[in-house]
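S.K.:
Number of protein chains: 2
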Amino acid sequence: MRAVAIVGIGATRFGRTERPLLDLMCDACLEAFDDAQLGDRPVDAVYAASMGALRNNHISAVASALADRLCLQPAAPDTLENGSASGASAVKSGVLAVASGYYDRVLVCGGERMRGMQGVDITDFIATVTHREAEYIYGATLPGLAGLFARAHMQRYGVTQRDLARVAVKNHRNAMLNPRAHLRFEVTLEQLFDDPHFAKRNPLVADPLRRFDCCPVSDGAAALLMVPADQAARYNDRAVRVAGLGHVGAVHAVSARANMLDLEAVRLAAERAYALAGIQAKQIDVAELHDAFTILEIVESEAVGFFDRGQGHVALAANETARDGSLPINPSGGLKARGHPVGATGVSQVVEVVRQLRGEAGGYQVSGSPQAGFAVNLGGFSSNAVATVLTRSL
Amino acid sequence: MRAVAIVGIGATRFGRTERPLLDLMCDACLEAFDDAQLGDRPVDAVYAASMGALRNNHISAVASALADRLCLQPAAPDTLENGSASGASAVKSGVLAVASGYYDRVLVCGGERMRGMQGVDITDFIATVTHREAEYIYGATLPGLAGLFARAHMQRYGVTQRDLARVAVKNHRNAMLNPRAHLRFEVTLEQLFDDPHFAKRNPLVADPLRRFDCCPVSDGAAALLMVPADQAARYNDRAVRVAGLGHVGAVHAVSARANMLDLEAVRLAAERAYALAGIQAKQIDVAELHDAFTILEIVESEAVGFFDRGQGHVALAANETARDGSLPINPSGGLKARGHPVGATGVSQVVEVVRQLRGEAGGYQVSGSPQAGFAVNLGGFSSNAVATVLTRSL
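Protein chains in written order, with our numbering: chain A, 138 to 531; chain B, 138 to 531.
(1) G357 (chain B) and T149 (chain B): beta carbons closer than 9 angstroms?
(2) Which value, in whole angstroms, describes the spacing of the CA atoms of D297 (chain A) and T458 (chain A)?
(3) Under 9 angstroms between the Cβ atoms of A531 (chain B) and R378 (chain B)?
(4) For D181 (chain A), which option in A:L362, A:Q508 and A:F349 has the closest C-alpha, if you only look at C-alpha atoms?
(5) Determine whether the beta carbon atoms of G483 (chain A) and N514 (chain A) lie at a separation below 9 angstroms.
(6) Using a cut-off of 7 angstroms between C-beta atoms, extract the partners of E218 (chain A) located in chain B.
(7) Relative to the C-alpha of L167 (chain A), which residue among A:L400, A:P468, A:A360 and A:V523 is closest?
(8) Smallest Cα separation from A509 (chain A): which of A:L464, A:G276 and A:G471?
(9) Any C-beta of chain B sitting closer than 9 angstroms to the C-beta of Y411 (chain A)?
(10) Taking Cβ-Cβ distances shorter than 9 angstroms, what residues in chain B pair up with L209 (chain A)?
(11) Do you know how far the Cα of V388 (chain A) is from the Cα of T260 (chain B)?
(12) For the stretch 173-248 of chain B, list the beta strand (DSSP E) runs that are entirely contained and at least 3 residues long, ordered along the chain.
(13) 9 angstroms is my cut-off, CB to CB: does M251 (chain A) come that close to chain B?
(14) In the DSSP assignment, what residue or residues form a beta bridge with F330 (chain B)?
(15) Take A402 (chain B) as the anchor and find which of B:M162, B:L433, B:A414 and B:Y372 has the nearest alpha-carbon.
(16) Relative to the C-alpha of A380 (chain A), which candidate in A:T278, A:S223, A:Y411 and A:R446 has its C-alpha closest?
(17) What does G517 (chain B) reach in chain A if we use C-beta pairs closer than 7 angstroms?
(18) Mapping DSSP to helix, strand and coil, what is F443 (chain A)?
(19) For M254 (chain A), which residues in chain B fall below 7 angstroms Cβ to Cβ?
(20) Look at the alpha carbon of L191 (chain B) and the alpha carbon of T265 (chain A), and state the distance between them as a whole number of angstroms.
(21) According to DSSP, simplified to helix, strand and coil, what is I143 (chain B)?
(22) From the DSSP secondary-structure annotation, give me the bridge partner or partners of A148 (chain A).
(23) Going along chain A in order, which residues have a C-beta closer than 8 angstroms to the C-beta of Y372 (chain B)?
(24) At 8 angstroms on the CB atoms, spell out the chain A contacts of V266 (chain B), in chain order.
(25) Pick out the complete alpha helix (DSSP H) segments inside the stretch 389-421 of chain B, 4 residues or longer, and give them in chain order.
(26) Please name the residues in the stretch 274-289 of chain A whose beta-carbon is closer than 8 angstroms to at least one beta-carbon of chain B, in chain order.
(27) If we call anything under 9 angstroms between Cβ atoms a contact, is G471 (chain A) one with D428 (chain A)?
(28) Since M138 (chain B) meets chain A, which of its residues come closer than 7 angstroms, beta carbon to beta carbon?
(29) Hey, quick one: how far does the beta strand (DSSP E) through L382 (chain B) stretch, first residue to last?
(30) Residues in the same chain with beta-carbon distance under 6 angstroms from M162 (chain A), minus the five sequence neighbours each way, listed in chain order, please.
(31) Assign N456 (chain B) to buried or exposed, taking buried as 16 or more other Cβ atoms, counted over all protein chains shown, within 10 Å of its Cβ.
(32) Which residue from A:R404, A:R153 and A:S201 puts its Cα closest to that of Y184 (chain A)?
(33) Which of helix, strand or coil does DSSP assign to G516 (chain A)?
(34) Look at V304 (chain A) and L453 (chain A) and say whether their C-beta atoms are less than 9 angstroms apart.
(35) Going along the chain, which residues of the stretch 443-455 of chain A sit with their C-beta nearer than 8 angstroms to a C-beta in chain B?
(36) Do L279 (chain B) and F518 (chain B) have their beta-carbon atoms positioned less than 9 angstroms apart in this structure?
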């Protein structure tokens, strides 16, 4: 396989917007082109990700529409959909396409425009990733599954609601410094647990998860430009290598898994990504994990090998995963506070890790000079997961 | 790039069914596994194609659901959507994934379940591939665009409605011999033009196109198993090589194209596929073209280089493209009569070409011993196109 590098990144601010989906995606792509110093060099292919472009925005083949809007003809457009891992699936497709030698310049863009939908409609939209016969038709939702999962994990490992809330507190604090984040305000443990007035803003969503344990509903887009690593210097001196990639499927219905608390897809995807990159989990300097719910950041930090099983909440409480900790997790604010425009998320995680490795994250830059970064994006409730290892050295 | 071979094929009958989408897709995949003599060897990845699984069947991440249903864990699932070229996009993804060296056994499956939708709803669903601002919001539909395109082509090249109907007559005749085809009955020029009783069954859809100029609305699925060509002999002795692949995007809005009658995406995609395969158009022995409307088969047969521009209808009338002609086109019945379950079509075209190259097409086997086959799948109204060249020799 040819080594693959990312030479350009772009992203809109995540949050509420009235702008159409394609406008958001174009903004992210144009920023990535500028960042890459692409100039008038043609793009060979466009891999776009969106979960709901057809259902929610009435556009199918969104990659084709995007390539046309950007006047990229004759670039070849493909749209990837993999639920909440749609973005990472597009990243993977871009990596394999360049690795194969078939393309030399690939644009990857994820976008989602969810505004205008009603609350129940959004929950139903997302719930279409669950197992249709075993979960969906019985009313299972993602918050519902996450609540059951959280309760089981808490009971086994002595995790408390306060531990969960520490994820939100950390990630909101990080997001305050990220100009592209959706929820740029601080939240404290005192507010969440001791302030009766604030409690009204933090109702139960799916016991034990409250609103501040759940990511917001966001609009937004993110984009990457990928090229062969040995051609990266033709663009700029800020290239980052996609050193490792792992994508693994697991048993779909959560209740049918051998061990419900084992996020097997996440664990195996990370192992494969590390193996391909030739590194170990302890060599990762910065990570973006899929914290659609606070419990997920804790359990994923164990599944990907950063901490021993049952120790994720301990490391969190000890500030090891804070921006200035030994292993910063979600310095961008994560899904929890940066936001979660579904199809954009997997791409934006990689964008954020690239930013950190380049040392260009500004106010939310992690300390030291990170050399290796990691991202994991979940499809469904971990029915599959895509893990990526990025390195500063090509 | 590693050479890629197809060692297994499968397909359901196309047509009306009450069976769910995943059942159809599983049937096609299991047949492909048997055909490949896969045994207990694990599949590395699943590339599934469906245009409307979320909108029409309430399932997102259909590749993930399919991989789970087939117990393929830890295989990595990705879903491709590219309008009516979704199937070919999945084929392309499978080819590049094996070519890259990242995967050794890739399952490609396309499926669509459109029954249950109302007439207008189906037309609207398909129309989401048109340009949103320039076409869709003004009520443009695929039959509408095809009608305008047909009239313009007819005026310039002296093509008649009777010429268009010859595509239907030929493809219905072929479909009668294909046990998996949707419309397995004959239709004659006499019925279509001289029989007042039959005329009721053939109303205008979009002048000059009548019902028998349009493909039916079908359900169905098709599947392929791909491996590196140098490993094909481990499976069976019926492997076919994916020798060429071309995927090209064009201007989206039909009215904005430099020459509306030039199916540029088709033309350039074919050129690229031939170049990669190191062959010329005249070396193709059998082809499956995207005849969603009769006019398209005629114009595509010119765009891909089989006949000079404006000569497609002449070759058709001379029976050159009949099953026993010098260059059989759509011996399976094509989209027109085999049927067009949107996401399945691009995969099924390749399945049908493989069948012909193996000499296993039974009653609809073309004469001679075809060595090279070709398929082209259109996204939108040729806003992009994927062309594939398949060869008997590895």
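Cβ atoms here follow ideal geometry from the backbone N, Cα and C, with glycine treated the same way.
M.R.: In terms of the structure at hand:
(1) Residue mapping note: residue 357 (chain B) aligns to position 220 of the second sequence, counting from 1. Residue mapping note: residue 149 (chain B) aligns to position 12 of the second sequence, counting from 1. Yes, these two residues count as a Cβ contact at 9 angstroms.
(2) Taking the first sequence and counting its residues from 1, the one referred to as residue 297 (chain A) is at position 160. Taking the first sequence and counting its residues from 1, the one referred to as residue 458 (chain A) is at position 321. Checking the sequence, you will find Thr at residue 297 (chain A) rather than Asp. Their Cα atoms are separated by approximately 18 angstroms.
(3) Locating residue 531 (chain B) in the second sequence gives position 394, counting from the first residue. Locating residue 378 (chain B) in the second sequence gives position 241, counting from the first residue. The sequence given here places Leu at residue 531 (chain B); Ala does not occur at that position. Contact: yes.
(4) Stepping through the first sequence from its first residue, residue 181 (chain A) is reached at position 44. When each option's Cα is compared against that of D181 (chain A), the closest is A:L362.
(5) Position 346 of the first sequence, counted from the first residue, corresponds to residue 483 (chain A). Position 377 of the first sequence, counted from the first residue, corresponds to residue 514 (chain A). It is a contact, given that the beta carbons lie within the stated cut-off.
(6) For this step, residue 218 (chain A) is matched to residue 81 along the first sequence. Chain B residues near E218 (chain A): S197, A198, T216 and E218.
(7) As a working mapping, residue 167 (chain A) is identified with position 30 in the first sequence. With distances taken between Cα atoms, L167 (chain A) lies closest to A:A360.
(8) In the first sequence, residue 509 (chain A) corresponds to position 372, counting from 1. Among A:L464, A:G276 and A:G471, the Cα nearest to that of A509 (chain A) is on A:L464.
(9) Locating residue 411 (chain A) in the first sequence gives position 274, where the first residue counts as 1. Output row for Y411 (chain A): interface = no.
(10) Numbered from its first residue, the first sequence carries residue 209 (chain A) at position 72. Per Cβ cutoff of 9 angstroms: G386.
(11) Along the second sequence, read from residue 1 onward, the residue named residue 260 (chain B) stands at position 123. Along the first sequence, read from residue 1 onward, the residue named residue 388 (chain A) stands at position 251. In a straight line, the C-alpha of T260 (chain B) is about 36 angstroms away from that of V388 (chain A).
(12) 182-186 and 213-218
(13) Residue numbering aside, residue 251 (chain A) sits at position 114 when the first sequence is read from its first letter. Answer no: the Cβ-Cβ gap between M251 (chain A) and chain B never drops below 9 angstroms.
(14) Numbered from 1 along the second sequence, position 193 holds the residue referred to as residue 330 (chain B). Its beta-bridge partners do not exist; DSSP assigns none.
(15) Position 265 of the second sequence holds residue 402 (chain B). It is B:L433 whose Cα lies nearest to the Cα of A402 (chain B).
(16) Taking the first residue of the first sequence as position 1, residue 380 (chain A) is located at position 243. Closest by alpha carbon: A:Y411.
(17) By one-based count along the second sequence, residue 517 (chain B) stands at place 380. Here the neighbours are A198 and S201.
(18) Working through the first sequence from its first residue, we reach residue 443 (chain A) at position 306. Looking at F443 (chain A) - three-state DSSP - the assignment turns out to be coil, as it is neither helix nor strand.
(19) To locate residue 254 (chain A), count along the first sequence from 1; it is residue 117. Under the 7 angstroms cutoff, chain B gives no residues; its nearest Cβ is about 14 angstroms from M254 (chain A).
(20) Counted from its first residue, the second sequence places residue 191 (chain B) at position 54. Counted from its first residue, the first sequence places residue 265 (chain A) at position 128. So the two alpha carbons sit approximately 7 angstroms from each other.
(21) Start at 1 with the first residue of the second sequence, and residue 143 (chain B) comes out as number 6. I143 (chain B): strand per DSSP, three-state reduction.
(22) If you number the first sequence from 1, residue 148 (chain A) lands on position 11. In DSSP, A148 (chain A) forms a bridge with A:A359.
(23) By one-based count along the second sequence, residue 372 (chain B) stands at place 235. Per Cβ cutoff of 8 angstroms: no residues; Y372 (chain B) is ~22 angstroms from chain A at best.
(24) Within the second sequence, the letter at position 129 stands for residue 266 (chain B). Within chain A, the residues near V266 (chain B) are S197, A198 and S201.
(25) 401-414
(26) none
(27) Numbered from its first residue, the first sequence carries residue 471 (chain A) at position 334. Numbered from its first residue, the first sequence carries residue 428 (chain A) at position 291. A contact, by the Cβ cut-off of 9 angstroms.
(28) By one-based count along the second sequence, residue 138 (chain B) stands at place 1. Per Cβ cutoff of 7 angstroms: S237, G238 and Y239.
(29) As a first step, residue 382 (chain B) is located in the second sequence; it is residue number 245 there, counting from the start. Counting along the chain, the beta strand (DSSP E) containing L382 (chain B) begins and ends at V377 to G386.
(30) If you number the first sequence from 1, residue 162 (chain A) lands on position 25. For M162 (chain A), where only same-chain residues beyond five positions count, the Cβ hits under 6 angstroms are L203, C246, G248 and A358.
(31) For the purposes of this step, residue 456 (chain B) is taken as residue 319 along the second sequence, with counting starting at 1. Exposed.
(32) Here the question's residue 184 (chain A) lines up with position 47 in the first sequence. The residue with the shortest Cα to Cα distance from Y184 (chain A) is A:S201.
(33) Here residue 516 (chain A) is taken as the residue at index 379 of the first sequence, counted from 1. Three-state DSSP puts G516 (chain A) in a strand.
(34) Indexing the first sequence from 1 puts residue 304 (chain A) at position 167. Indexing the first sequence from 1 puts residue 453 (chain A) at position 316. Going by C-beta atoms, V304 (chain A) is nearer than 9 angstroms to L453 (chain A).
(35) none
(36) For this step, residue 518 (chain B) is matched to residue 381 along the second sequence. For this step, residue 279 (chain B) is matched to residue 142 along the second sequence. Against a cut-off of 9 angstroms, the Cβ pair of L279 (chain B) and F518 (chain B) comes out as a contact.
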